[in-house]
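Asks: Below is the structure I would like to discuss, written out as structure tokens.
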Amino acid sequence: MDLDRLAPLEAALEEEGLLSTRDDDGDALRIAFKSEGDRYFIVSYRDDPNFVMIGSGWSLPNGADPERVMRVTNALNARKKFVKVALWEAENDVLFTVELCVATPEEVRPHFGRLLDVLRDTALEFFRELQA
Amino acid sequence: MTLVREELARFIQGEGHRVELGLLGEDDGATELLFRTRGYVVSVAVREGDPPRFTIATAYEIPPWARERAQNSMTLQDVAGDVGGVRFSLAPNGKNFAVTIEREEMLEAFVRGFWPSVASVREAGIAALERILDRSESRAAANKFIRSLQKGE
């Protein structure tokens, strides 16, 4: 039987009072949701059931200095717990992800609020430091 | 005619949050919308009008060991002075307190500043709770020290 591996995370979103939508296909299970107007996603791949990724993607401001962007990205990667920051799509976007190896996504459920806060805070710090 | 509370509920849902109707009756012309964010339940009371009035509030529970009403009331007054723009109300039983922000403005303006206002309420509440707990902990430490002195240790 093909278990719905993301069901515990859908339940975590429900507990947080967040609305979400599913977008599964043959390769991956995906949840999309918003919190305070910002968009997030959760992905689990069918051929790698222990991998779970929670993330959010943002456009870089026009005219952002690539060297500064790289410095801020590196500083956050070095300093922040859990989060990976990456420049994406010809370096016009920035991706913030938490990537986890779990026996079951149920393990993530009690920590979901903290991980979401970390993603949110990292994005906030990224754009604040870019403007500083 | 669309009511302000309906438009506001649609806005909050559009931002990703499930919205429920709260327990406030319409006796005083107010409706309460409830939603969760960052682990807290946020209440938004809406009084229809031109302009409408909005009250954003979040409640915080004080742990039993830190429930000293007079002391906590003073602490909340201190924090209100430091933070500004928010109001604290301590429950008569001293078990919890609420933080509120009031706005009287058109919906478009209220919505533009909505998340920063919610953040202000949350941050003020967290700051107040931390101050209450700090004072209770230092008082407990001081009491322990005084008791030790009295025992002549």
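Chains A and B, in that order, give the protein sequences. Be aware that the first sequence starts at -5, since it is given in the working numbering, and climbs by one per residue. Be aware that the second sequence starts at 500, since it is given in the working numbering, and climbs by one per residue. C-beta: ideal position from N, C-alpha, C; glycine also. On a predicted model such as this, the values are computed, not experimentally measured, just so you know.
1) For A/E123, which option in A/A69, A/V112, A/L109 has the closest C-alpha, if you only look at C-alpha atoms?
2) Return the residue from the list B/A529, B/V610, B/T557 that minimises the CA-CA distance to B/R535.
3) Could you check where the alpha helix (DSSP H) with B/T501 kicks off and where it finishes?
4) So, B/A627 versus B/T574, is the Cβ gap smaller than 8 Å?
5) Whose Cβ in chain B lies nearer than 7 Å to the Cβ of A/K28?
6) Roughly how many angstroms lie between the CA atoms of A/L110 and B/V540, to the nearest whole one?
7) Helix, strand or coil, according to DSSP, for A/M47 in the structure here?
8) Find the residues of chain A that neighbour B/R537, judging by a C-beta separation of less than 9 Å, and give them in chain order.
9) Going by C-alpha to C-alpha distance, which of B/R509, B/F553, B/A529 sits closest to B/V617?
10) In the segment 609 to 640 of chain B, which residues sit with their C-beta less than 8 Å from some C-beta in chain A, listed in chain order?
11) Along the chain, where does the alpha helix (DSSP H) containing B/F609 start, and where does it finish?
12) Are the CB atoms of A/L89 and A/T67 nearer to each other than 8 Å?
13) Measuring CA to CA, which of B/G548, B/V518, B/A590, B/E531 is closest to B/T501?
14) Flag B/F534 as yes if its beta-carbon sits less than 8 Å from any beta-carbon of chain A, otherwise no.
15) State buried or exposed for A/T98, treating a residue as buried only when at least 16 other CB atoms are found within 10 Å of its CB.
16) Near B/E531, which residues of its chain fall below 8 Å by C-beta distance, leaving aside the five closest residues on each side in sequence?
17) So, at 6 Å on beta carbons, what are the nonlocal neighbours of A/A100 in its own chain, with the 5 sequence-adjacent residues on each side left out?
18) Around the Cβ of A/G11, are there at least 16 other Cβ atoms within 10 angstroms (buried) or fewer (exposed)?
Replies: Based on what the coordinates show:
1) Counted from its first residue, the first sequence places residue 123 of chain A at position 129. Per the Cα distances, A/A69.
2) Stepping through the second sequence from its first residue, residue 535 of chain B is reached at position 36. Nearest C-alpha to B/R535: B/T557.
3) To locate residue 501 of chain B, count along the second sequence from 1; it is residue 2. Taken as a continuous stretch (DSSP letters only), B/T501 belongs to no alpha helix (DSSP H), as it is neither H nor E.
4) Looking up residue 627 of chain B in the second sequence gives position 128. Looking up residue 574 of chain B in the second sequence gives position 75. It is a contact, given that the beta carbons lie within the stated cut-off.
5) Numbered from its first residue, the first sequence carries residue 28 of chain A at position 34. Near A/K28 (Cβ distances below 7 Å), the residues of chain B are E514, G515.
6) Residue numbering aside, residue 110 of chain A sits at position 116 when the first sequence is read from its first letter. Residue numbering aside, residue 540 of chain B sits at position 41 when the second sequence is read from its first letter. Computed Cα separation, rounded: 17 Å.
7) Position 53 of the first sequence, counting from 1, holds the residue named residue 47 of chain A. If DSSP states are grouped into helix, strand and coil, A/M47 belongs with the strands.
8) By 1-based counting over the second sequence, the position of residue 537 of chain B is 38. Within chain A, the residues near B/R537 are E10, S29, E30, G107, L110, D111, R114.
9) If you number the second sequence from 1, residue 617 of chain B lands on position 118. The shortest C-alpha separation from B/V617 is found at B/F553.
10) W614, V617
11) Within the second sequence, residue 609 of chain B is the residue found at index 110, counting from 1. Taken as a continuous stretch (DSSP letters only), the alpha helix (DSSP H) holding B/F609 covers 606 to 611.
12) Residue mapping note: residue 89 of chain A aligns to position 95 of the first sequence, counting from 1. Residue mapping note: residue 67 of chain A aligns to position 73 of the first sequence, counting from 1. Result no, Cβ atoms of A/L89 and A/T67 do not sit closer than 8 Å.
13) Here residue 501 of chain B refers to the residue found at position 2 of the second sequence. Nearest option by C-alpha distance: B/G548.
14) On the second sequence, position 35 is the one that residue 534 of chain B refers to. Yes - at least one Cβ of chain A is within 8 Å of the one on B/F534.
15) Translated into positions along the first sequence, residue 98 of chain A becomes position 104. So A/T98 counts as exposed.
16) Walking along the second sequence from the start, residue 531 of chain B turns up at place 32. Closer than 8 Å at the Cβ level, and outside the excluded window around B/E531, lie L520, G521, L522, L523, S542, V543, A544, V545.
17) Numbered from its first residue, the first sequence carries residue 100 of chain A at position 106. According to the sequence as given, residue 100 of chain A is Glu; it is not Ala. These residues qualify, in order along the chain: P2.
18) Within the first sequence, the letter at position 17 stands for residue 11 of chain A. The residue is buried, with at least 16 neighbouring Cβ atoms inside 10 Å.
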